[in-house]
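First comes the structure, then the notes that go with it.
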Amino acid sequence: DAKTTQPNSMESNEEEPVHLPCNHSTISGTDYIHWYRQLPSQGPEYVIHGLTSNVNNRMASLAIAEDRKSSTLILHRATLRDAAVYYCILRGLGGGSNYKLTFGKGTLLTVNP
Amino acid sequence: NAGVTQTPKFRILKIGQSMTLQCTQDMNHNYMYWYRQDPGMGLKLIYYSVGAGITDKGEVPNGYNVSRSTTEDFPLRLELAAPSQTSVYFCASTRGTGGTEAFFGQGTRLTVV
Chain A
892 DAKTTQPNSM ESNEEEPVHL PCNHSTISGT DYIHWYRQLP SQGPEYVIHG
942 LTSNVNNRMA SLAIAEDRKS STLILHRATL RDAAVYYCIL RGLGGGSNYK
992 LTFGKGTLLT VNP
Chain B
11 NAGVTQTPKF RILKIGQSMT LQCTQDMNHN YMYWYRQDPG MGLKLIYYSV
61 GAGITDKGEV PNGYNVSRST TEDFPLRLEL AAPSQTSVYF CASTRGTGGT
111 EAFFGQGTRL TVV
C-alpha cells in the first residue's frame, strides 16, 4: 500500500471546523483515498472516500489536491463526539498489495468544549 | 443487516489455552480481515482473505491461524495463548478493493493470564 503521512495529534474547539491533513506523495492513479475514524473503545468506522474530485457526505467533506499528493478531511462543525483517531488510507484497484487494508498511526483529534 | 459480528466480546484465557475468535458478515463480502490493537497503538493486520478458500498473512501472523470455508465466516484461531496476545481483536470486511468501504466488528477484548 502507498504510504500516507498524518500529524500525530490535533486539537479543536467544539462547533468550529476542523481540517485534518494527509500527505500521500507516492499515490498512484488508481489509488482511492479513504478516511476512517475510531472512537474510544470502538471499532473503526468509515468516514468518506474519493478518487479525484472533492466529496461530501453527511459526516464530512474530503478535499483532494489537484495533483492528488495530499488531501484534507473537513469536519464542518466539530462536536465532542468527533473526538477520535482519524486514519487516512490509500487503496488501489486490483490484486497484490491492494488486497490488504493496512492502517498507519492516524491523527488523534481532541475536541475541547 | 447485522454487518460484521464478532464473538465473544470479552474473554480471559490462561497461558497455553486455545480459542477461536468468531467473525461473520452478512453482506456477501469477498474480502475479510483480522487485526489486533494493543493499548494506545494502531491496528496491525494479522491475516486476510480474498474469498472462500484463500487466506494470506498480514503484518503479525505468528501465533495465529485462520480458515475461510465460507464467504460469511472468517474465524481466527489462537493455538497456544501467550500474554503477548493480550489485545483487542477486530474483524473487517469489504466487497472489493479500490473505492469500496470497509465494515468493522465491535471487537473482542482478549486477556491472557
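Residue numbers (the numbering used here), protein chains in the order written: chain A, 892 to 1004; chain B, 11 to 123.
Idealized CB from N, CA, C, for every residue including glycine.
Using 8 Å as the threshold, is the C-beta distance between A954(A) and N948(A) below it?
Position 63 of the first sequence, counted from the start, is the residue given in the question as residue 954(A). Position 57 of the first sequence, counted from the start, is the residue given in the question as residue 948(A). Taking 8 Å as the Cβ cut-off, A954(A) and N948(A) do not qualify as a contacting pair.
Does any CB atom of chain A fall closer than 8 Å to the CB of T17(B)?
Within the second sequence, numbered from 1, the residue matching residue 17(B) stands at position 7. No, T17(B) lies away from the interface with chain A (no Cβ there is under 8 Å from its Cβ).
Is the distance from the Cβ of E936(A) to the Cβ of F114(B) below 8 Å?
Mapped onto the first sequence, residue 936(A) falls at position 45. Mapped onto the second sequence, residue 114(B) falls at position 104. Against a cut-off of 8 Å, the Cβ pair of F114(B) and E936(A) comes out as a contact.
Counting only C-beta atoms, is A62(B) closer than 8 Å to chain A at any point?
Here residue 62(B) is taken as the residue at index 52 of the second sequence, counted from 1. Not a single C-beta of chain A is nearer than 8 Å to the C-beta of A62(B).
Could you tell me if R972(A) is buried or exposed, where buried requires 16 or more neighbouring beta carbons within 10 angstroms of its beta carbon?
Start at 1 with the first residue of the first sequence, and residue 972(A) comes out as number 81. By the neighbour-count definition (other C-beta atoms within 10 Å, threshold 16), R972(A) is an exposed residue.
Would a C-beta distance cut-off of 8 Å place K1012(A) and S919(A) closer than the cut-off?
This structure cannot settle anything about residue 1012(A), because the visible part of chain A is limited to 892 through 1004.
Within a Cβ cutoff of 8 Å, which residues of the same chain sit near S952(A), ignoring the five residues on either side of it in sequence?
As a first step, residue 952(A) must be located in the first sequence, where it is residue number 61. Within the same chain, S952(A) has close Cβ partners I939, N945, V946, L964, I965 and H967.
Looking at the C-beta of T104(B), does it have a partner C-beta in chain A at a distance below 8 Å?
Numbered from 1 along the second sequence, position 94 holds the residue referred to as residue 104(B). Yes, contact with chain A.
Taking all protein chains shown into account, decide if V123(B) is buried (16 or more other Cβ within 10 angstroms of its Cβ) or exposed.
Position 113 of the second sequence, counting from 1, holds the residue named residue 123(B). When all chains shown are included, V123(B) counts as exposed.
Answer with buried or exposed for I930(A), where buried requires no fewer than 16 other C-beta atoms within 10 angstroms of its C-beta.
Taking the first residue of the first sequence as position 1, residue 930(A) is located at position 39. According to the sequence as given, residue 930(A) is Leu; it is not Ile. Classification of L930(A): exposed, given that the 10 Å Cβ count is below 16.
Between G995(A) and Y977(A), how many whole angstroms is the CB-CB distance? I'm expecting something under 8 Å.
Start at 1 with the first residue of the first sequence, and residue 995(A) comes out as number 104. Start at 1 with the first residue of the first sequence, and residue 977(A) comes out as number 86. Actually they are not in contact, since the Cβ atoms of G995(A) and Y977(A) sit about 11 Å apart, beyond 8 Å.
Using the Cα positions of S103(B) and L984(A), report the straight-line distance between them to the nearest angstrom.
The count along the second sequence starts at 1 and reaches residue 103(B) at position 93. The count along the first sequence starts at 1 and reaches residue 984(A) at position 93. Taking the straight line joining both Cα atoms gives about 16 Å.
When you compare the CB of R972(A) with every CB in chain B, is at least one pair closer than 8 Å?
Counting from 1 along the first sequence, the entry for residue 972(A) is found at position 81. R972(A) is outside the set of residues whose beta carbon lies under 8 Å from a beta carbon in chain B.
Would you say E907(A) faces chain B, with C-beta separation under 8 Å as the test?
As a working mapping, residue 907(A) is identified with position 16 in the first sequence. No, its Cβ sits nowhere closer than 8 Å to a Cβ of chain B.
Listed by chain order, chain B residues near R949(A) by CB distance under 7 Å
Looking up residue 949(A) in the first sequence gives position 58. Chain B residues near R949(A): none, gap ~14 Å exceeds 7 Å.
Please name the residue or residues paired with N38(B) in a DSSP beta bridge.
In the second sequence, counting from the first residue as 1, residue 38(B) sits at position 28. Assignment of beta-bridge partners to N38(B) by DSSP yields no partner.
Which chain B residues sit within Cβ distance under 8 Å of E936(A)?
Indexing the first sequence from 1 puts residue 936(A) at position 45. Those within 8 Å of E936(A) in chain B are F114.
Give a yes or no on whether the minimum CB-CB distance between Y43(B) and chain A is below 8 Å.
Sequence index remark: in the second sequence, residue 43(B) carries index 33 (1-based). Taking CB atoms only, Y43(B) has a neighbour in chain A less than 8 Å away.
Using a Cβ-Cβ cut-off of less than 9 Å, give me the residues of the region 78 to 110 of chain B that come near chain A, in sequence order.
Residues passing the 9 Å Cβ filter: V98, F100, C101, A102, T104, G106, T107, G108, G109 and T110.
Check whether the Cβ atoms of V909(A) and A975(A) lie closer than 8 Å to each other.
Position 18 of the first sequence, counted from the start, is the residue given in the question as residue 909(A). Position 84 of the first sequence, counted from the start, is the residue given in the question as residue 975(A). Between V909(A) and A975(A), the CB-CB gap reaches or exceeds 8 Å.
Residue burial classification, S962(A) (beta-carbon count within 10 angstroms, cutoff 16)
Position 71 of the first sequence, counted from the start, is the residue given in the question as residue 962(A). With 16 or more neighbouring CB atoms inside 10 Å of its own CB, S962(A) falls in the buried class.
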